[in-house]
Every structure is written in C-alpha cells, then in structure tokens.
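Structure, as structure tokens:
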Amino acid sequence: MSEELIEKVKQMIIDSLRIEGMSPDEIETDAPLFGEGLGLDSIDALQLVVAMEKEFGVVVPDAATGSTVFASVRSMAGYIGEHRK
Amino acid sequence: MICWMYPGQPIAFTDTHCSDPEFQKIALLCQKTTGFNPVEFGSSSSDLNESVRLQLFGACTSLYRTSQLKSQGRGPDLIAEHSMGIYPALAASGSIDSETALALTSRIGVSMARMGLQRAYALGCVIGLPLGSLAVIAANHDIYIANFNTSRHFLLAGERGKVDAALVEATASGAFSVSIFPCDAPLHTPLIEAITGELQQIVAEYHFAEPRIPLVEHIGQTPLTAAAIPAFLVEELCRPVYWEATYCTLRSRGVTRFQEVGVGSALAKFNRWIDSET
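Line order of the protein sequences matches chains D and H.
Per our numbering: the first sequence = residues 1 to 85.
Per our numbering: the second sequence = residues 86 to 363.
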C-alpha cells in the first residue's frame with residue numbers, strides 16, 4: 001500500500017473527527033486507534049465509516065468488520081486499497 | 086456565544102483528576118454530603134451502589150471542571166445539560182450550591198436504585214440505525230427510546246431481557262454497533278413514574294434560586310426558571326433526553342462554541358455528528 005494512501009487516511013481521521021492541533025505525522029501508522037492510542041470509541045467509529053464511504057467509496061458494514069478495519073491506520077489503508085472502486 | 090454542556094452519568098470511573106487538590110476538595114464535600122468519596126472509588130466504605138457512585142463521580146468531575154474554568158476567568162453565556170448532568174448544571178447556573186447538587190444526585194440515585202431491587206433493567210446503546218427503524222424495534226419489545234442523541238445514536242431503556250432482545254433485532258436490522266449497560270432504573274422512561282411521589286418529596290426539600298446564567302433544558306429546549314426546576318427534575322427522569330434538538334436550538338440561538346464540562350467527550354462527539362449532517 002502506498003505512503004500517499006496512508007497520509008490520506010491520517011488526514012481523513014483528523015478532519016472527520018475534528019482533532020484539533022494534530023498533524024498526520026503525529027499519528028502512528030501501526031498504533032491502535034481504539035482504547036489506547038488515539039482513544040477512539042464507537043461514536044468515532046461510525047464517523048469514520050461515513051468519512052471512508054464519502055472519501056473513498058468504501059463501505060464498512062458493521063462493527064465486527066470495523067473492529068478489524070479500524071485496528072490501525074495501516075489496516076484502514078489496507079481495507080480501502082482492497083475495496084476501493 | 087459560549088455554552089457549557091454538562092454530560093450525564095459516565096460508564097466507568099477514571100482517576101484522571103484524583104491527585105488534584107481541587108478535585109480532592111470536591112471529593113471531601115461529596116463524602117461529607119453523601120458518605121461516598123470518589124477518590125476512593127473502589128474501596129470506599131459507602132453503601133451506595135456502583136450506579137450511584139458513578140453518578141456522584143460524574144457530578145464531582147463536572148463541579149471540579151466548572152471550578153477550574155471559573156478560576157481561569159472563563160464563563161458561559163448559556164448552560165445545557167444531558168440527563169443526570171442537570172445537578173452540576175444547576176450549580177453552575179447559580180441556582181443551587183455544589184453541596185445541594187451532590188445531595189440531589191445521591192438521593193435521587195438511591196431512590197432509583199431501589200427500583201433495581203425488584204426488577205433488572207438495562208440501557209441499550211444503538212449506533213447506526215435511523216429513528217424510524219429503532220422506534221419500531223422499541224415498540225416490538227415494549228421498551229423506550231430514552232436518549233435521542235443524534236440521527237444515528239440512541240439509547241434504549243427498559244427491562245433487561247427486553248432490551249437484550251431489542252439489541253439482537255437492532256443488529257439484525259443493520260445497526261453498526263450495539264452495547265448494553267445494566268442500570269438500576271429505566272431512566273428517561275415513563276416507568277419511572279412509579280416513584281415520582283418519592284422523587285417529588287426529595288426535590289421539595291431544596292430551594293432553587295433563579296439561574297443567573299440561562300440553563301436550557303433537554304426536553305423542550307427552554308431556559309429553566311426557579312419555579313419550573315422542581316417539576317423538571319422529576320419530569321426529566323420520566324421523559325427522553327432530546328440532545329440533537331437541544332444542540333440545534335442552542336446553535337440557532339447564536340452559540341458558536343461548546344465546552345463539555347465533565348467526564349469524557351460524548352456530547353462533543355454528538356455535536357460533531359450533527360454538524361456533519363447540516
């Protein structure tokens with residue numbers, strides 16, 4: 001997967017979750033997004049689902065899929081790479 | 086315009102502020118008023134159950150954050166509240182003092198806890214389904230929508246078994262995620278009307294001054310007056326929380342900045358979702 005896609009995913013996380021004062025460089029590509037790491041929760045997950053669909057046309061159908069997809073930035077980029085139309 | 090928002094009961098204890106002397110002062114006031122010290126959350130000898138302890142922990146955190154913000158010379162133009170956030174919100178508005186906010190939190194919490202001794206209740210969080218689908222599911226299982234937080238975030242309340250069954254149906258209907266939280270009482274539903282006499286007696290023991298800062302309530306989105314507060318404190322437990330409507334009303338009245346004053350950032354996240362749709 002390309003570094004460009006990883007950067008785009010990081011920017012999408014910052015924009016859709018309105019994380020103030022954070023740049024893409026500050027998000028670790030392999031760090032967990034939920035619980036530890038960025039400390040996201042299920043409200044954030046749905047916001048990311050909508051953002052991914054809007055920006056990449058990729059659907060995350062349910063929380064079970066989401067828990068794998070949203071494990072890290074790398075897993076998000078991997079899922080987008082596989083499912084992008 | 087700036088609005089301070091007071092969230093409801095947290096779902097877990099966090100010790101983020103416990104070492105701060107300012108928090109400890111409020112914790113001691115809580116101990117004096119209710120017998121429970123939130124700094125000793127897990128080990129306190131208080132006989133209050135976990136739900137009431139969490140409600141008090143949430144109230145203490147809101148009172149602490151209010152005090153912090155005020156000490157920085159900050160203040161709101163308006164105040165809003167969600168569910169059990171009403172008590173520290175009333176304190177922030179100047180209608181009651183911190184001690185009364187904690188006493189009300191504890192006494193009303195204990196009163197509701199007694200409901201849980203007779204029957205098991207639960208709250209069910211459903212994320213991703215639209216209101217129309219969820220309303221059908223709630224009706225199918227004889228439970229209630231207790232919180233209308235956003236167009237895709239709702240809380241169901243009712244008897245535990247019925248909430249369990251409703252969440253299974255919600256999942257099958259395409260909900261993105263569901264989760265269940267055991268609770269003492271079916272908060273924000275008409276089932277609470279079984280104890281309204283007791284709640285009215287508790288509320289009647291306290292004096293409520295006219296809020297110095299307008300406090301917009303979550304049912305009809307009107308500013309509370311001193312005369313309306315006692316009835317609202319009982320009614321709000323029997324009726325849903327309409328957060329999306331509250332947020333939209335505040336925005337339409339010119340609020341441009343929202344500050345969450347309490348545990349977590351759930352209200353800010355609801356607002357973010359609502360903003361993304363408008």
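Every residue gets a Cβ at the ideal spot worked out from N, C-alpha and C, and that includes glycine.
Quick caveat: nothing in here was measured; it's all calculated off a predicted structure.
Chain H partners of residue i, CB-CB under 7 Å?
{"i": "Ile13/D", "result": "Near Ile13/D there are no residues of chain H at all, since even the closest Cβ is about 13 Å away, more than 7 Å."}
{"i": "Ala63/D", "result": "Phe261 and Ser262"}
{"i": "Arg18/D", "result": "Arg357"}
{"i": "Val49/D", "result": "Phe261"}
Got a sec, what are the start and stop residues for the alpha helix (DSSP H) residue i sits in?
{"i": "Gly282/H", "result": "Thr281 to Ala289"}
{"i": "Pro106/H", "result": "Pro106 to Thr119"}
{"i": "Gln11/D", "result": "Glu3 to Ser16"}
{"i": "Ile80/D", "result": "Val73 to His83"}
{"i": "Phe142/H", "result": "Glu135 to Ser156"}
{"i": "Thr68/D", "result": "Ala63 to Val69"}
Quick one, which of the options has its alpha-carbon nearest residue i's?
{"i": "Asp182/H", "options": "Gln344/H, His167/H and Leu114/H", "result": "Leu114/H"}
{"i": "Val137/H", "options": "Ala311/H, Ile193/H and Ser178/H", "result": "Ile193/H"}
{"i": "Ile6/D", "options": "Ile19/D, Gly21/D, Arg18/D and Glu28/D", "result": "Glu28/D"}
{"i": "Met197/H", "options": "Ala330/H, Glu345/H, Ser262/H and Cys323/H", "result": "Cys323/H"}
{"i": "Gly81/D", "options": "Ile43/D, Gly57/D, Gln11/D and Ala31/D", "result": "Gly57/D"}
{"i": "Leu189/H", "options": "Asn356/H, Ala351/H and Ile314/H", "result": "Ile314/H"}
{"i": "Phe98/H", "options": "Ala144/H, Gly259/H, Arg338/H and Gln157/H", "result": "Ala144/H"}
{"i": "Ile222/H", "options": "Ser258/H, Ala231/H, Asn234/H and Glu244/H", "result": "Ser258/H"}
{"i": "Gly160/H", "options": "Arg297/H, Arg336/H, Leu141/H and Arg237/H", "result": "Arg297/H"}
{"i": "Phe142/H", "options": "Leu241/H, Ala112/H and Lys117/H", "result": "Ala112/H"}
{"i": "Pro32/D", "options": "Ala45/D, Phe70/D and Glu55/D", "result": "Phe70/D"}
{"i": "Val59/D", "options": "Ser42/D, Arg84/D and Asp44/D", "result": "Arg84/D"}
{"i": "Ala77/D", "options": "Glu53/D, Met22/D, Asp62/D and Ala64/D", "result": "Glu53/D"}
{"i": "Ile96/H", "options": "Met169/H, Gln109/H, Val288/H and Gly158/H", "result": "Met169/H"}
{"i": "Ser350/H", "options": "Tyr291/H, Leu148/H and Gly93/H", "result": "Gly93/H"}
{"i": "Leu272/H", "options": "Gln286/H, Tyr291/H, Glu283/H and Pro325/H", "result": "Pro325/H"}
{"i": "Ile43/D", "options": "Gly213/H, Leu284/H, Gly339/H and Glu329/H", "result": "Gly213/H"}
{"i": "Ile265/H", "options": "Leu276/H, Ala279/H and Lys247/H", "result": "Lys247/H"}
{"i": "Leu17/D", "options": "Glu4/D, Leu38/D, Asp25/D and Thr65/D", "result": "Leu38/D"}
Which residues in chain D have a C-beta closer than 7 Å to the C-beta of residue i? List them in chain order.
{"i": "Gly213/H", "result": "Leu46"}
{"i": "Lys354/H", "result": "Ile43 and Asp44"}
Determine which residues share a DSSP beta bridge with residue i and list them.
{"i": "Glu244/H", "result": "Tyr206/H"}
{"i": "Leu358/H", "result": "Per the sequence shown, residue 358/H should be read as Trp rather than Leu. For Trp358/H, which the question treats as bridged, DSSP gives no partner whatsoever."}
{"i": "Pro173/H", "result": "DSSP, once it has assigned bridges, lists no residue as partnering Pro173/H."}
{"i": "Trp78/H", "result": "It is not possible to answer for residue 78/H, since the shown part of chain H is limited to 86 through 363."}
{"i": "Tyr327/H", "result": "Phe233/H"}
{"i": "Leu40/D", "result": "Phe34/D"}
{"i": "Val301/H", "result": "Ala165/H and Pro308/H"}
{"i": "His238/H", "result": "Ile212/H and Thr235/H"}
Which residues in chain D have a C-beta closer than 8 Å to the C-beta of residue i? List them in chain order.
{"i": "His238/H", "result": "Ile43 and Leu46"}
How would you list, in chain order, the residues of chain D whose beta-carbon sits under 9 Å from the beta-carbon of residue i?
{"i": "Ala351/H", "result": "Asp41 and Ile43"}
Beta strand (DSSP E) containing residue i: first to last residue?
{"i": "Val263/H", "result": "Ser262 to Cys268"}
{"i": "Thr235/H", "result": "Tyr229 to Thr235"}
Report the neighbours of residue i on chain H: residues whose CB is nearer than 9 Å to its CB, in chain order.
{"i": "Val58/D", "result": "Ordered by position in chain H, no residue passes the 9 Å Cβ test against Val58/D, which lies about 15 Å from the chain."}
Go through the segment 193-219 of chain H residue by residue and report every complete run of the beta strand (DSSP E) that reaches 3 residues or more, in order.
206-212
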